[in-house]
Amino acid sequence: MNNTELNRILIVSALLFFIGVYGFLTRRNMITMLMAVEIMLNSVTINFVAFNKYLYADKMDGLFFTIFIITIAAAEAAVAIAIIINLYRNFNSIDINDSATMKY
Amino acid sequence: MFNPVYIALIPLLPFFSFWLIGLAGRSLFPKYGSYAGTLVILVSFILSAFVAWQYFTIGSGGMTGAMHPQIIVFNYTWLQFSPSLSINMGIMLDSISVMMIVIVTFISLMVHIFSLGYMKGERNISNYYCFLSLFTFSMLGLVLSTNIFQIYIFWELVGISSFLLIGFYYEKPAAVAASKKAFIITRFADLGFLIGILILSYYTKTLDFQTLIRNASTPALSGDLIKSSFLGFSALSWGLVLVFAGGAGKSAMFPFHIWLPDAMEGPTPVSALIHAATMVVAGVYIVARLFPVYSMACPGALNVVACTGAFTSLFAAIIACTQTDIKRVLAYSTISQIGYMMFALGVSGYSGEPSLGFTASMFHLFTHANFKALLFLGAGAIIHYVHSNEMGNMGGLRKALPVTHITFLIACLAIAGIPPFSGFFSKEEILMAAWNANKLIYYVGLITAAITAFYIFRLYFNIFWHTTPPAHGNGNEATRDSHARKNKSGRELPVTMLIPLIILGILSVVAGFAPFGKLITANGTPLPMTFQPLFSIAPVLLAAAGIYTAYVLYGKENNLPQRAAAALNGFYRAAYKKFYIDEVYLFITKKVIFHSIGKPVAWFDRNIIDRNIDRTGESVSGLSFVIRKLQSGKVQDYAIYIVGGAVGILFLFLYITS
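Protein chains in written order, with the working numbering: chain A, 1 to 104; chain B, 1001 to 1658.
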């Protein structure tokens, strides 16, 4: 009975994840790519919350993980934006293809 | 009874001065390095003379006492490999090592003093004294060794320090070549020595001399040594012959003698040290050290020693008659005299009357050290005065160099075996030992004695009488006169050069009267040395004949030498060219080894091995040239690889689990 609800939520989460992957692979703008990464992280948090609620309702572990992931995402966004600003200073652009000098 | 501290100081003092002069000499006391080295050797000599006095008198029950035992003063375990195998560093006193430390420190002291005058004004005088100290240290360590591995270590140290000293004038290409030649040839012989050591110590299961000698010479214990054989000879014979080969390399026995004449490129006092006391007697010493094994367990190896020694003594004496460089004459005479010592050991027995050879050999080593050092230092003084090594540039020097003349004459009489000079006594004993053991070797020794008298007086008359240059000198009269004029104003020689000459001259006269039979014998018990006047008639007459011939030929200027040389045309030229031994070596190394072995191997290396290695490298770099395109630098490409990889692994797992 609960599984149908869980399955629906998981489908939403999977869609969200692949939207994030697609966005990460296709967008050239680094800010947009960062947002795509955030979408992937959020899909994972949805998974955690859903599993916690439907499978282990008496425990809080999934919720704790969600909070951790949100915290880490915030920290990661700060680091990523710092990197992006530095890249912008060097290349005068935030297009990911303009900074393709790290190669053979 | 013996205090280990001051015995250990005998070798350690020169070692200390080696480091002191070598590290600090040039910067702290450039002027006084030579004096410091000499002073240290003087202390070392006094200590060793004291030890000798103690050993031969108090240590073993008086001068006339019965036995001279082997005493291990101390033995320090240096490297412990296993409970049964260790390398020790120690000091062993027995009659021959005590005799050797006295000779080594004494000759070294004389050379140090002489060099104060001879090497004055040289650029690297600190280095020179530093090397001399190292040389003395290594030779002292060698003679005091308690085990065969310790002797090998010092053996190689002697090799390296002789290399340094022969190549002292390293700006001269000839000196560099000579030092390399000496080093390579002795190293080559040392290979035999090392293998011999390994064979002996493997079968006797010890490195220690006393245990090794006991195990090898007791039939019950030496079973494996005799039983296991290779090419028809027992392991013991191989070991002993190989050890002798190492000794032959250091002692310049045929066919390893070719380095010694070239070693004359070093400073003359160094030649005195190498020839009289240190390097070349190392080979005699190792045979004497292992003598009980040679004589009791393997007479065949002892025969090899005797034959090699006898052949070398005659061979080198013949060559010495034709050389014109005075130092080369002396070099060949050293080879010849070392040959004497070797065959005296070779014909000797272990105990009783037949062991006369051992005593005679050590006796000759002792007297030879004196008069050969004197000959070389005298030659050094002459070269210092004339500035040339060639006999042709000398002649009539007896008025200019009176002290050198007298001392040189004493040394010549001693080496020629004229009574009552020291060489006479030791040579008599050697010939008597040979007469008792092997008549053929006796006649070889007798002929050699006559030739020795001839060539040494040829040298003497050419230097001090014979007023104008003989035919070999290529018209250097003008330069000779200018040198003579330049030097006539001053004194004969610096006093530091005269003192060693005079001391050695006195010793060359009296050394023959030392009671050697009571002091040094093969098995430690005194040996009555009988002196038979009748027996010595033949050698003395032959020596006198040799001297007379030399006088007739070279006493005054005449054309007899050229006529004699012309009469013996082919033989004379062969001897002048040293019987083409150098050419044979060159032929073997250049033509045979380099050309027919080295070249194919080099071709194989270059074209097969190197080519394959290159192919491997080329194919790897070609492959990496292709795959480096993957490193595009675009972050999203990498992300695709990651996603693709993750999906691939996912499908792989699905495939495996289903």
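Every residue gets a Cβ at the ideal spot worked out from N, C-alpha and C, and that includes glycine.
C-beta neighbour in chain B for residue i, strict 8 angstroms
| i | result |
| --- | --- |
| I24(A) | This sequence places Phe at residue 24(A); Ile is not what is there. Cβ-Cβ to chain B under 8 angstroms: yes for F24(A). |
| V21(A) | yes |
| N97(A) | yes |
| A100(A) | yes |
| K59(A) | no |
| K103(A) | yes |
Within-8 angstroms CB hit, residue i to chain D
| i | result |
| --- | --- |
| I85(A) | Going by chain labels, chain D is absent from the structure shown, which instead holds the protein chains A and B. |
Burial state of residue i (16 or more Cβ within 10 Å)
| i | result |
| --- | --- |
| V1005(B) | exposed |
| D1208(B) | buried |
| R1328(B) | buried |
| T1105(B) | buried |
| I1184(B) | exposed |
| Q1323(B) | buried |
| G1037(B) | buried |
| Y1428(B) | Residue 1428(B) is actually Glu in this sequence, not Tyr. With 16 or more Cβ atoms within 10 Å of its Cβ, E1428(B) is classed as buried. |
| Y997(B) | Residue 997(B) is absent from the structure shown; chain B starts at 1001 and stops at 1658. |
| P1083(B) | exposed |
| P1261(B) | buried |
| T1589(B) | exposed |
| Y1332(B) | buried |
| I1649(B) | exposed |
| M1100(B) | buried |
| A1337(B) | Checking the sequence, you will find Gln at residue 1337(B) rather than Ala. That one is buried. |
| W1155(B) | buried |
| M60(A) | exposed |
| S1179(B) | buried |
| V1495(B) | exposed |
| V79(A) | exposed |
| K1250(B) | buried |
| I1091(B) | buried |
| T1404(B) | buried |
Residue-level contact to chain A via CB, residue i, 8 angstroms cutoff
| i | result |
| --- | --- |
| S1632(B) | yes |
| V1635(B) | yes |
Start and end residues, alpha helix (DSSP H) containing residue i
| i | result |
| --- | --- |
| Q1080(B) | Element bounds for Q1080(B): not the alpha helix (DSSP H) but the beta strand (DSSP E), 1071-1082. |
| N1612(B) | 1610-1627 |
| V1304(B) | 1299-1320 |
| S1336(B) | 1326-1346 |
| I1382(B) | 1356-1386 |
| G1423(B) | 1422-1437 |
| K103(A) | Careful: K103(A) lies outside any alpha helix (DSSP H) and carries neither H nor E. |
| H1405(B) | 1402-1416 |
| E1583(B) | 1581-1586 |
| Q992(B) | Because chain B here runs from 1001 to 1658, residue 992(B) falls outside it and cannot be looked at. |
| N1127(B) | 1125-1143 |
| V1495(B) | 1495-1510 |
| P1014(B) | 1004-1019 |
| N1569(B) | 1569-1576 |
| P1261(B) | 1259-1262 |
| D1605(B) | That residue, D1605(B), is in no alpha helix (DSSP H); it is neither H nor E in DSSP. |
| Y1638(B) | 1635-1657 |
Residue range of the unbroken beta strand (DSSP E) whose run includes residue i
| i | result |
| --- | --- |
| S1086(B) | 1085-1093 |
### Message
To be precise: take each residue of the region 1637-1658 of chain B, compare its Cβ to all Cβ atoms of chain A, and keep it if any distance is under 7 angstroms. Which residues remain?
### Response
Taking 7 angstroms as the Cβ-Cβ cut-off against chain A, the residues of the region 1637-1658 of chain B that qualify are A1639, I1640, V1643.
### Those runs of the alpha helix (DSSP H) which lie wholly inside the region 1168-1255 of chain B and span at least 4 residues
1173-1204, 1209-1217, 1223-1227, 1235-1250
#### Entry: Contiguous alpha helix (DSSP H) assignments of at least 4 residues, all confined to the region 21-93 of chain A
30-54, 61-91
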